[in-house]
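Mapping to the UniProt record's numbering: the sequence shown position 560 is 560, numbers consecutive. C-beta atoms are modelled at their ideal positions from N, C-alpha and C, and glycine is treated no differently. First comes the structure, then the notes that go with it.
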Amino acid sequence: MPARPRTRSSRLAVGVVGTGLVLGCVGTGTATAGAGTEGAGTVAPVVLSADDAAIGLRPVGTYATGVFDESAAEIVAYHAGTRRLFVVNAQAGRVEVLDASDASSPAKVADLVTAGTAAVDGSVVPAGAVANSVAVRADGLGVVAVESDVKTDPGWLVLFDAAAATPRVLGAVRVGALPDMVALDAEGRTAVVANEGEPSDDYTVDPEGSVSVVALPDRVPARPGTVPQSAVRTADFHAFEAPGALPAGVRVFGPTVDAAHPVSANLEPEYATIVGSTAYVTLQEANAIAVVDLTSATVTRVLPLGSKDHGLPGNGLDTSDRDGAVAIRTVEGLRGLPMPDAIASWSRAGRTYLVTANEGDAREWGDYVEETRVKDLGEDGLAPVCADSPLAGRTADDDLGRLTVTTASGLRADGSCYETLHAFGTRSFSVWDTDGTLVFDSGDAFEQLTAQALPGYFNSGHAGTAFDDRSDAKGPEPEGVAVGTVGGRTYAFVGFERVGGIAVLDVTEPERSAFVTYVNDRDFSVSVEDDGEESLARAGDLGPEGLTFIPSYESPTGTPVLAVANEVSGTTTLLAVDVAAPTGTVAEVQEALAGYRAAGEVAGPVAYLTDLHLAQAQRWLDRGRTEQAGRELTRFVERLQQPTGPSTVTPGARADLADRATQLAGSLS
1 MPARPRTRSS RLAVGVVGTG LVLGCVGTGT ATAGAGTEGA GTVAPVVLSA
51 DDAAIGLRPV GTYATGVFDE SAAEIVAYHA GTRRLFVVNA QAGRVEVLDA
101 SDASSPAKVA DLVTAGTAAV DGSVVPAGAV ANSVAVRADG LGVVAVESDV
151 KTDPGWLVLF DAAAATPRVL GAVRVGALPD MVALDAEGRT AVVANEGEPS
201 DDYTVDPEGS VSVVALPDRV PARPGTVPQS AVRTADFHAF EAPGALPAGV
251 RVFGPTVDAA HPVSANLEPE YATIVGSTAY VTLQEANAIA VVDLTSATVT
301 RVLPLGSKDH GLPGNGLDTS DRDGAVAIRT VEGLRGLPMP DAIASWSRAG
351 RTYLVTANEG DAREWGDYVE ETRVKDLGED GLAPVCADSP LAGRTADDDL
401 GRLTVTTASG LRADGSCYET LHAFGTRSFS VWDTDGTLVF DSGDAFEQLT
451 AQALPGYFNS GHAGTAFDDR SDAKGPEPEG VAVGTVGGRT YAFVGFERVG
501 GIAVLDVTEP ERSAFVTYVN DRDFSVSVED DGEESLARAG DLGPEGLTFI
551 PSYESPTGTP VLAVANEVSG TTTLLAVDVA APTGTVAEVQ EALAGYRAAG
601 EVAGPVAYLT DLHLAQAQRW LDRGRTEQAG RELTRFVERL QQPTGPSTVT
651 PGARADLADR ATQLAGSLS
């Protein structure tokens with residue numbers, strides 16, 4: 001039975017970040033546990049929204065593997081032509097294919113098994129290989145990044161036909177060691193693979209980190225093996241080995257950084273987003289972003305991301321899991337390293353922006369352990385905190401004593417003591433320009449909003465529900481991020497790995513990004529850690545990892561949907577993006593089109609032809625023929641997707657215009 005609705009009004013604190021920006025005044029928000037859904041859990045989700053929220057999130061359907069904490073649902077991709085989801089089941093080495101045509105009840109229809117796939121270099125994907133990421137282009141050509149059973153060996157990019165009645169493997173090409181993520185460019189002609197190149201657990205082998213740039217065929221191949229190994233080019237970091245070649249602030253560290261473990265092995269690509277002919281790739285442990293030119297397959301720049309001053313107003317954090325309270329406060333001398341995992345991008349007014357989920361991550365290979373607690377500094381050979389530091393003496397468990405920090409940053413020049421301490425991650429999301437300049441950071445807003453939405457479960461973990469359990473580590477741990485356009489505005493969707501839930505931020509004006517809503521469909525009365533795996537079916541979504549925004553014009557529902565893969569609960573959930581604002585008018589779509597034409601973002605024959613479709617739609621409406629008007633708007637969207645002749649439609653313009661027209665057409669049916 002649906003849970004009884006619970007409503008709580010609360011004021012979300014305004015977070016002033018280090019750049020002097022503000023995370024949107026949200027006024028009096030409302031936290032509710034609503035009237036029940038078809039989502040993952042057995043209780044209704046908790047929702048906290050801004051008063052003026054233009055959109056909301058609502059869980060509508062879930063597929064559950066029943067597998068706990070085995071990365072059984074890690075990354076999700078969507079193919080509009082078949083209305084199917086492709087979900088990476090990492091440890092099983094396969095991709096699970098879900099029919100999402102009924103969004104309220106996604107159902108498994110097939111498994112895409114990568115083991116046994118023959119690659120064009122003569123190798124074969126072995127049993128025990130790990131599928132890490134998946135992407136699918138519009139015509140159905142899909143790619144899976146597959147890690148070798150020996151993770152320091154080269155991996156594979158497995159190709160498959162997603163549009164076939166039963167998806168089939170189309171061979172593989174060899175890529176770098178530990179391919180962790182794959183992304184496709186806007187046209188689907190190039191796959192970019194982030195090869196993390198992690199060392200072996202005993203640190204006896206440390207392969208190079210790299211980025212594979214793979215040229216894809218124009219059409220889905222009819223048979224396996226048609227993509228040659230020569231289609232793969234490798235972007236490495238050799239150019240940054242020379243002294244001074246790597247910018248200051250890029251973290252190169254570990255048990256050994258010498259001829260045997262150079263910069264090219266130390267840097268570990270994690271996640272990628274593509275804008276035109278450039279890929280932006282996170283180097284999580286290095287706290288940097290690599291810029292890769294896809295035309296030449298070279299790393300042209302490495303952008304250090306710096307640190308966040310937790311001593312500034314609005315940049316606070318809760319540092320203790322032993323104080324029995326929500327204690328979000330500033331700490332002079334403490335800094336946070338963004339160290340982002342996921343990255344996404346969008347363009348506005350001719351400028352490209354990058355958005356990162358600042359998770360943080362520590363190295364632990366062999367005898368080398370980067371992480372320690374503040375109270376342990378000065379022990380077991382570790383340098384102490386400098387006596388003149390504002391952090392000196394703050395070692396009590398209910399203060400900074402249990403906070404985990406890196407031992408690789410903050411030392412005085414002579415190495416005698418720590419002048420500053422650096423925590424892992426910043427418990428925030430950030431917007432950057434393509435030069436690596438910080439445009440916006442959400443400050444302490446994520447901890448503030450989860451404290452209000454979930455006061456009894458603040459900073460709990462993903463397996464257990466203990467209050468304040470993760471405050472000494474990385475708090476809510478923002479990990480996944482996706483960007484989508486709804487109603488002419490751009491939104492970032494950020495997943496919290498530990499406490500769970502999705503936060504939505506309006507980033508249309510990046511410098512003034514604002515909180516919109518937060519939804520968490522986890523059942524906190526269930527602790528899988530305490531109650532056992534048999535309670536998993538009641539727990540809801542745990543550990544959101546991969547987020548994919550499905551625009552209205554591709555969605556199985558005709559309205560925007562967010563697909564979320566939850567690696568801890570092994571669930572894949574579809575959330576409806578509900579639009580509070582009116583659906584607009586043809587005149588508003590025409591005005592938006594005119595703006596894109598003036599900016600050169602829609603040019604060539606498509607500009608004239610799309611204008612004709614809109615004019616015809618308005619004529620039908622003037623005659624009261626709504627069905628015909630809706631069809632004309634659908635043709636408008638199709639024209640944007642397949643422009644005629646030497647036409648230009650930027651991805652941002654296509655997404656915005658198609659969303660506006662699709663939602664308007666839906667309102668007419």
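For the alpha helix (DSSP H) that contains N266, what are its first and last residues?
V263 to N266
### Closest by C-alpha distance to T278, when choosing among V263, G501 and R301
R301
Open item on the list: So within the segment 454-486, which uninterrupted beta strand (DSSP E) runs reach at least 3 residues, ignoring any that extend past its ends?
Closed with: 478-486
Taking only three categories from DSSP, how would you classify M1? Only weak support is given to the placement of M1: the predicted model assigns it a pLDDT of 29, under 50, and the question is left unresolved by the model.
* Any contact of the segment 544-552 with the segment 49-56, i.e. 3+ C-beta pairs under 8 Å? -> no
- What are the boundary residues of the alpha helix (DSSP H) that F636 is part of? T626 to Q641
- prompt: Based on Cα-Cα distance, which residue from Y203, D185, L184 and D180 lies nearest to E196?
  reply: D180
Determine contact between the segment 298-317 and the segment 418-434, defined as no fewer than three beta-carbon pairs at a distance below 8 Å. yes
Is it the case that the Cβ atoms of G61 and S105 are separated by a distance below 8 Å?
-> yes
Within 10 Å of its beta-carbon, does D659 have 16 or more other beta-carbons around it, so buried, or fewer, so exposed? buried
- request: Please report the Cβ distance between A288 and A183, rounded to the nearest whole angstrom; I am assuming they are in contact, meaning their Cβ atoms lie under 8 Å.
  value: Not a contact, Cβ separation roughly 18 Å.
**Request:** Would you give the residue range spanned by the beta strand (DSSP E) that Y203 belongs to?
**Result:** Here Y203 belongs to no beta strand (DSSP E), and DSSP marks it neither H nor E.
- Where F86 falls: helix, strand or coil (DSSP): strand
Original post:
Grouping DSSP H, G and I as helix and E and B as strand, with all else coil, what is G652?
Top reply: helix
V589 beta carbon less than 8 Å from that of L621:
no
Drop a sphere of 10 angstroms on the beta-carbon of R219, count the other beta-carbons inside from all chains shown, and report buried for 16 or more, exposed for fewer.
exposed
I'd like to know if the segment 454-467 and the segment 485-498 are in contact, where contact means that at least 3 CB-CB pairs between them fall below 8 Å. yes
By Cβ distance, which residues of its chain are closer than 7 Å to L609, with the 5 residues on each side in sequence left out? R639 and T644
Looking at the unbroken alpha helix (DSSP H) that takes in G595, where does it start and where does it end? V586 to A598
request  = Let me know if S296 comes out buried or exposed under the rule of 16 or more other beta-carbons within 10 Å of its beta-carbon.
outcome  = exposed
Where V526 and E371 are concerned, what is the direct C-alpha to C-alpha distance, given to the nearest angstrom?
-> 30 Å
Identity of the residues DSSP links to S307 by a beta bridge
Per DSSP, none; premise fails for S307.
| query | Can you give the Cα-Cα distance for D236 and V250, rounded to whole angstroms? | reply | 16 Å
- Item | Straight-line Cα distance separating A473 from S416 | 25 Å
Quiz item: With which residues is Y608 paired in a DSSP beta bridge?
Solution: Looking at the DSSP assignment, Y608 forms no beta bridge with any residue, so it has no partner.
- Query: For E511, which option in E529, T490 and D521 has the closest C-alpha, if you only look at C-alpha atoms?
  - Reply: T490
Straight-line Cα distance separating I502 from N520 | 6 Å
**Prompt:** How would you call S101, buried or exposed, if buried means at least 16 neighbouring beta carbons within 10 angstroms?
**Reply:** exposed
Exercise for review: Alpha carbon to alpha carbon, how far is L303 from E241? Give it in angstroms, no decimals.
Suggested key: 15 Å
Within 10 Å of its beta-carbon, does S430 have 16 or more other beta-carbons around it, so buried, or fewer, so exposed?
buried
If you reduce the DSSP assignment to three classes, tell me which class F240 lands in. helix
* Asked: How would you label V528, buried or exposed, when you count the other beta carbons within 10 angstroms and need 16 or more for buried?
  -> buried
* So which of E198, G209, W346 and A145 has the shortest CA-CA distance to T650? -> W346
Q. Just reading off the alpha helix (DSSP H) that R348 is part of, what are its end residues?
A. Looking at the DSSP string, R348 is not in any alpha helix (DSSP H); the run it does join, the beta strand (DSSP E), is I343 to R348.
Which partner residues does F549 have in the DSSP bridge list?
L562
So is S669 buried or exposed if we call it buried at 16+ other beta carbons inside 10 Å? exposed
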